[in-house]
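J.: Chains as they are written, first to last, in the working numbering: chain A, 4 to 154; chain B, 3 to 85. Before I ask anything, here is the structure I am working with.
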Amino acid sequence: MTVRVQREDFDVGAEIAELTRGNPRIGGVASFIGLVRDIADGTGVSAMTLEHYPGMTEKQLATIVAEAKRRWPLEGCLVIHRYGRLEPTEQIVLVVTTSSHRQAALESCAFLIDWLKTRAPFWKVEDTADGARWVAARQSDDDAAAKWAKK
Amino acid sequence: MKLLYFAWLRQKVGLPEETVTPPAGTATVGALIDWLKTRGPGYQTAFADLDIVRIAVNQEYTDRDAAITAGDEIAFFPPVTGG
Chain A
4 MTVRVQREDF
14 DVGAEIAELT
24 RGNPRIGGVA
34 SFIGLVRDIA
44 DGTGVSAMTL
54 EHYPGMTEKQ
64 LATIVAEAKR
74 RWPLEGCLVI
84 HRYGRLEPTE
94 QIVLVVTTSS
104 HRQAALESCA
114 FLIDWLKTRA
124 PFWKVEDTAD
134 GARWVAARQS
144 DDDAAAKWAK
154 K
Chain B
3 MKLLYFAWLR
13 QKVGLPEETV
23 TPPAGTATVG
33 ALIDWLKTRG
43 PGYQTAFADL
53 DIVRIAVNQE
63 YTDRDAAITA
73 GDEIAFFPPV
83 TGG
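Right, dumping it as structure tokens:
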């Protein structure tokens, strides 16, 4: 169960290979990769900068991962989240889960990204033609996280 | 106590962090915010709408009713937008 917060890019193939290496109990791997888009709410975005709260970010991500592990029988789990300046098409976040069967892997992966979006202390500021614009939190993200309420 | 500000709260306050000694009797986050708002227009703007200010004490989410003490690390920030 690994959590990394870093400025550098990541290699999805290498990360998955590392997470699954030598573990014959894994029957399914699920992943989510978040990318920077070039448009948000109808406005062109030339770049974005992600700020975070060092210390609390890692702590919150570890708590979310522990909750996923409590709910599903996972073999492995990896969360990598980048910060700093990123341009469209760049990778922002990677969530990978592994389990004996697909359902646990797929569900826990969706849970992790939904909870991460509403709990991990990251903030995005976008560069647009009208200047810098802080991204506002979305009700749809809160709704997505809420559907995973205690079970 | 150590205060941290992130995203647009940092810009409005004009500082990423500071160490403060609020008046004796400032026992909750809410009381701390009331005191901070007396310190200048930047703080007043930052804390104008508390519905969009999230609070963490010692890196755990909490609310304005939370008790605070001298050694705490208290962070103020907008709703998060990672992922």
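Yeah, the Cβ is synthetic: ideal placement off N, Cα and C, and Gly gets one too. Quantities reported herein were computed from a predicted structural model and do not represent experimental measurements.
#1: Are residue 62 (chain A) and residue 61 (chain B) closer than 7 Å when you measure CB to CB?
#2: Identify whether residue 85 (chain A) lies in helix, strand or coil by the three-state DSSP scheme.
#3: Starting from residue 64 (chain A), follow the alpha helix (DSSP H) in both directions and report where the run begins and ends.
#4: In whole angstroms, what is the alpha-carbon distance linking residue 97 (chain A) and residue 113 (chain A)?
#5: Between residue 38 (chain A) and residue 127 (chain A), how many whole angstroms is the CB-CB distance? I'm expecting something under 8 Å.
#6: Using a cut-off of 9 Å between C-beta atoms, extract the partners of residue 147 (chain A) located in chain B.
#7: Check whether the Cβ atoms of residue 33 (chain A) and residue 100 (chain A) lie closer than 7 Å to each other.
#8: In whole angstroms, what separates the C-alpha of residue 50 (chain B) from that of residue 58 (chain B)?
#9: Going by other Cβ atoms of all chains shown within 10 Å of its Cβ, with 16 needed for buried, is residue 79 (chain A) buried or exposed?
#10: Which partner residues does residue 34 (chain A) have in the DSSP bridge list?
#11: With DSSP collapsed to three states, give me the class of residue 32 (chain B).
#12: Can you check DSSP and say which residues form a bridge with residue 29 (chain A)?
#13: Mind checking whether residue 75 (chain B) and residue 4 (chain B) have CB atoms under 7 Å apart?
#14: Since residue 50 (chain B) meets chain A, which of its residues come closer than 8 Å, beta carbon to beta carbon?
#15: So is residue 89 (chain A) buried or exposed if we call it buried at 16+ other beta carbons inside 10 Å?
#16: Looking only at C-alpha atoms, which of A:139, A:132, A:95 sits nearest to residue 12 (chain A)?
#17: Determine the DSSP secondary structure at residue 1 (chain B), reduced to helix, strand or coil.
#18: With DSSP as the reference, label residue 50 (chain A) as helix, strand or coil.
#19: Just the Cα atoms here: how many angstroms apart are residue 83 (chain A) and residue 7 (chain A)?
#20: Would you mind giving the Cβ-Cβ distance between residue 79 (chain B) and residue 11 (chain B), rounded to the nearest angstrom? I have them listed as a contact below 8 Å.
#21: Between the Cα of residue 130 (chain A) and those of A:9, A:73, A:42, A:77, spot the shortest distance and give me the residue it belongs to.
#22: Can you tell which of A:56, A:40, A:109 has the C-alpha that lies nearest to the C-alpha of residue 77 (chain A)?
T.: So, from the data block:
#1: yes
#2: strand
#3: 59-74
#4: 12 Å
#5: Going by Cβ atoms, the distance from residue 38 (chain A) to residue 127 (chain A) rounds to 13 Å, so no, they are not a contact pair.
#6: Here the premise fails: no neighbours, minimum Cβ distance about 10 Å.
#7: yes
#8: 18 Å
#9: buried
#10: A:99
#11: helix
#12: Paired residue(s): none; residue 29 (chain A) is not in a bridge.
#13: yes
#14: Residues of chain A passing the Cβ test: none, with the nearest at roughly 15 Å.
#15: buried
#16: A:95
#17: What is shown of chain B runs 3 to 85, which leaves residue 1 (chain B) out entirely.
#18: strand
#19: 5 Å
#20: 6 Å
#21: A:42
#22: A:109
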